[in-house]
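Scroll down for the structure; my scribbles are underneath it.
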Amino acid sequence: MKNLKWFVLAAVCILFAVSWFAKASGGDGVDNSVLDAFLVTLAAFLTLAIMSFLYQDNPYYKFAEHLFVGVSAAYWMCLGFWSTVVGNLFPRISEGLSNFFLVPYQPGPLNFFFAIPIILGILLLMRLSPKGGWLSRWPLAFIVGTTAGLNFVRYLRSDFVKQISSTFVPLVVDWQGFGHFFSNISLTAGGPLVMMLTNLVIFIGVFCGIVYFFFSKEHTGVFGKASRVGIWILMITFGASFGYTVMGRISLLVGRLTFLFTDWLGIIG
Amino acid sequence: MRREVPLIITILVGTVLIISVFIPPLESLGESFTLFFDIIAVFAFFLGGGNLVRVHVLKLAKKKRDWPFSIVTLVGFGVMLAAGLFKIGNPGDIAASVTAEGSLFNMIYRNVFVPLGSTMYALLAFFVASASYRAFRAKNREATILLVAAFIILLGSTPFGAWLTIWMPESMSILEIPNLAVWIMSSPNMAGQRAIMIGIGLGVVSMSLRLILGIERSYLGEDGA
Amino acid sequence: MVHNNVGVIITLLVIAGGLVWLLVRSFRGKEIDRRVIFLFIMVSVAAPLLATITFKFTATPIVEALYDKIEALPEGSTVLLSFDFDPAMAPEVQPMANVVTRHCLEKNIKIVFMCLWATGQGQLEITLDQVLRRDFAHKIDGVDYVNMGYKAGNEGVLNVIVTDFEKMFPTDVNTTPYGDIEILQGVNSCKDMDLIVSFGGGRPGIKEWILFVGDPTGVPSAGGVAAVVAPQLYPYYPRQLMGLLGGIKGAAEYESHFRERHPNHADMDTPAIIMMGPQTIAHIVIIAFIIIGNVLFFMNRRRGARS
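Chains as they are written, first to last, in our numbering: chain W, 14 to 282; chain Y, 9 to 233; chain R, 6 to 312.
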């Protein structure tokens, strides 16, 4: 068993070298530099390493997974440093640092207030310390307060008031005869019949859906029937979400296979 | 001190941000508070990176299970961090974008981060298929409605769905699968999602109020309650 | 079907035969190993990809709304494109970002690029490479477009730029001062944009754009999102969200619509259209697996009732 492990490792290394050489020598009909050939091969092998999890958990998957964690953490840190610390903080606190990083210095009478996020940021890092961890609650409180303050008005306006007002739609149409009523009955065309049907479903669906979520009253009688309709509407909603989720996940697989077939193997144009 | 200061900070910041929406002269103060929030967010990234290093160094030191892989994490982290902070191989000077074409940072992003990140999620295609086979059962009326809606969406979002009902005359176009799929999305789906959205919206609003009024204190930890 | 070949027909017949065999087995009450399902999915995606099966798509109203909006914008308008996604969503969202960017550039619309996700900046470089530098090399940075890059803080960023763009973005991604960027002269906040399009699928994304920018300012907002979140955004359409590309199908519809109406881009890359071939077969296979699973369920239930 141990020998098999080393045999597989050797095979992977040999395949990697062969792929690198083939890519670099233009074996796929494309002239790549040695570095480009290495990078494409590396990307392909990392892709295959992750996919190997489908068979079972293995060291190649673990290698790729651990590499991903390290690289992604560093990526976010670097972007955060250059974009926000260098881009927004340094220009407001120090001319020297601004000159060093070649960002325009922005003097201002109230810039000393920018000491607040620095202090709170350092306190947040205290979470790494075994004794001063409680100090990290101060920046956490700032984050929580900001999020609560920002969300309160926006959710009330966009996800409550506007949604309610958008639900009050005309449920009957102007009667202009049978011919007009039954015209344009393609569901995407939006003729009078379809419009009426759509608006009815939206109005009743939203109302019954909310009734279903109202747990302060027992779901019996008329209330229970409305709640039942609410469940059906929600089931259609979840069905639609499932359909879209499948579509999304398949797209991701297609994306990876496209990379393997196009950039690595060069078998599709 | 341990409880009072954080509570005051939350109440003060939350209140200012709400008031700043209604009183234009306070708008600038609200902006400054959110700018502070953005800067603190970067420190949260640093905290995440620091914590990652701490966890993996400890794992290495104690030679816990799978410890050799911690070396991979630390090396990956170190190389990416150095490439980004020192802008190694960057075509321009220090002012150039950290993600500029040709830099080592961009190279690692495209050839390590991108394949790893996207393949990790691509695996879900297989698990969704497996779950569809195992768990998606028409056990009762509600499950059957869900199943039928999913079938229409799955078929309607591909040319195969259109092909299946291509024989239908114009007068029956209401029943064409792609049309049904579009209608499900923009009518019953919209209604269901809106009901959920209104519920979540109310939840967010009430939770925000509880936080700002100091009623909700669970974020302060055990001794904060 | 534009193109077809014998190989793919044989493969599809093998898939169909395999599914029938699995259906027969399920009638006998036999379970399928998960690796067999994995294999079917892999083959059903790979085979049509190798044969490059492509289809023509008609834009649905929600996609057409965004196309028409961009088409109607006068030359010199300013559009903000926000890249709020990561590599995991890229196969779905990058094609949308590419084709909408191409459309704006073709119409001589000025583009302000920015990102709410750090990974968005890396993905933005890919779009700049694949569209702007390749097919619109004459466009000038700072005049026809500007890359403002990423800022940390999620909705915190939006809360600032909704009233003061320069406060959040004092420079572009290459540290050019705001005042020296020609395209931004006259742009004080998001209110000065003619259209905002967010490409994403997570948080922050188009939802936050609507809540923090679209609704308070009334600037038309649209989105290109991963399929997983698309259904959740329908309640905003059309009053708060003027158009939406949902998943790879939305991207394929936009690509098809754009290419048809702009023949000078007939040779452009159409990754979304190409991806819809495998997508179609995979959907059919998944539906087949759901049916097989249900057959197995009902057969077992019947056996249980008998015994």
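In this text, a Cβ means the ideal position worked out from N, Cα and C, and glycines have one as well.
Which of helix, strand or coil does DSSP assign to Met6/R? Unreliable positioning characterises Met6/R in this predicted model, as indicated by a pLDDT of 43, which lies under 50. The coordinate reading is nonetheless provided below. In this structure, Met6/R counts as coil in the three-state DSSP scheme.
Cβ of Gln135/R within 7 Å of Cβ of Asn179/R? no
With a floor of 4 residues, list each alpha helix (DSSP H) that falls wholly inside the region 35-71 of chain Y, ordered by position along the chain. 35-69
Which residues, in chain order, does the region 129-140 of chain Y contribute to contact with chain W at a C-beta distance below 9 Å? Tyr129, Ala130, Leu131, Leu132, Ala133, Phe134, Phe135, Val136, Ala137 and Ser140
Here's the rule: buried if 16 or more other CB atoms are within 10 angstroms of the residue's CB, otherwise exposed. What is Ser38/W? exposed
Exposure of Lys71/Y, with buried meaning 16 or more beta-carbon neighbours within 10 Å: exposed
How about Leu20/Y: is its Cβ closer than 6 Å to a heavy atom in the ligand MN? For the ligand MN, the structure offers nothing, since it holds no ligand at all.
Check Ala227/R in the structure and name its three-state DSSP category. Taken through DSSP and simplified to helix, strand or coil, Ala227/R comes out as strand.
Between which two residues does the alpha helix (DSSP H) carrying Asn197/Y extend? Pro196 to Ile220
At least three beta-carbon pairs within less than 8 Å, the region 71-85 of chain R to the region 113-130 of chain R: Three or more pairs of CB atoms, one per stretch, sit closer than 8 Å, so the region 71-85 of chain R contacts the region 113-130 of chain R.
Considering only the beta carbon of each residue, do Phe103/W and Phe114/W sit closer than 7 Å? yes
Taking the alpha-carbon positions, what's the Ile263/W to Gly58/Y distance? 35 Å
At a Cβ cut of 8 Å, what residues of the region 244-265 of chain R count as close to chain W, listed as they run along the chain? Arg244, Gln245, Gly251, Gly252, Ile253 and Lys254
Can you tell me the Cα-Cα spacing of Cys91/W and Gln119/W, whole angstroms? Computed Cα separation, rounded: 23 Å.
With 7 Å as the threshold, decide whether the Cβ of Pro182/R is near any Cβ in chain W. yes
Does any CB atom of chain Y fall closer than 7 Å to the CB of Val7/R? Residue confidence for Val7/R is low, a pLDDT of 44 falling below 50, so the modelled location carries little weight; the figure read from the coordinates is stated next. Chain Y, which has no Cβ nearer than 7 Å to the Cβ of Val7/R, makes this no.
Is there at least one Cβ from chain W nearer than 7 Å to Ile17/Y's Cβ? yes
If I'm right that Ser40/Y touches Phe126/W with Cβ under 8 Å, what's the distance once you round it to whole angstroms? Correct: roughly 7 Å between the Cβ atoms.
Neighbouring residues, chain R, relative to Ser105/Y (Cβ below 9 Å): Per Cβ cutoff of 9 Å: Gln126, Glu130, Asn152, Gly154, Asp177, Val178, Asn179 and Thr180.
When DSSP labels each residue in this structure, what does Asp197/R get in the three-state scheme? helix
In the DSSP assignment, find the beta strand (DSSP E) that holds Ser87/R and state where it starts and stops. Unbroken beta strand (DSSP E) run through Ser87/R: Thr83 to Asp89.
Thr60/W and Arg269/W - do their beta-carbons sit closer together than 7 Å? yes
Opening and closing residue of the beta strand (DSSP E) in which Leu250/R lies: Gly248 to Gly251
Output needed for Leu365/R: all residues of its chain with C-beta closer than 8 Å, excluding positions within five of it in sequence on either side, in chain order. There is simply no residue 365/R to check, as chain R begins at 6 and stops at 312 in what is shown.
Given that a residue counts as buried once 16 or more other Cβ atoms are within 10 Å of its Cβ, and exposed if not, what is Ile27/W? exposed
Give the residues of chain Y in contact with Gly190/W, contact being defined as C-beta atoms less than 8 Å apart. None at all; the shortest Cβ gap to chain Y is about 17 Å.
For Phe302/R and Ala21/R, what's the separation of their Cα atoms in angstroms? 21 Å
Name the residue from Thr106/R, Leu246/R and Ser82/R whose alpha carbon lies nearest to the alpha carbon of Gly223/R. Leu246/R
Given this structure, state the Cα-to-Cα distance separating Ala233/Y from Val212/Y, to the nearest angstrom. Residue confidence for Ala233/Y is low, a pLDDT of 44 falling below 50, so the modelled location carries little weight; the figure read from the coordinates is stated next. C-alpha separation (whole angstroms): 20 Å.
Under 6 Å Cβ to Cβ from Gly169/Y, same chain only, skipping five residues before and after it: list those, please. Excluding its 5 nearest sequence neighbours in each direction, Gly169/Y has C-beta neighbours in its own chain below 6 Å: Leu163, Ile185 and Pro186, listed in chain order.
Quick one: grab the DSSP three-state call for Met119/R. strand
Find the residues of chain R that neighbour Trp89/W, judging by a C-beta separation of less than 9 Å, and give them in chain order. Ala123, Thr124 and Ala157
Going by beta-carbon coordinates alone, are Cys250/W and Gly200/Y separated by less than 7 Å? Before going further, note that residue 250/W is Thr rather than Cys in the sequence given. In this structure, Gly200/Y lies closer than 7 Å to Thr250/W by Cβ.
Using a Cβ cut-off of 8 Å, pull out every chain Y residue sitting near Gln176/W, in sequence order please. Neighbours of Gln176/W on chain Y, chain order: Arg202, Met205, Ile206 and Gly209.
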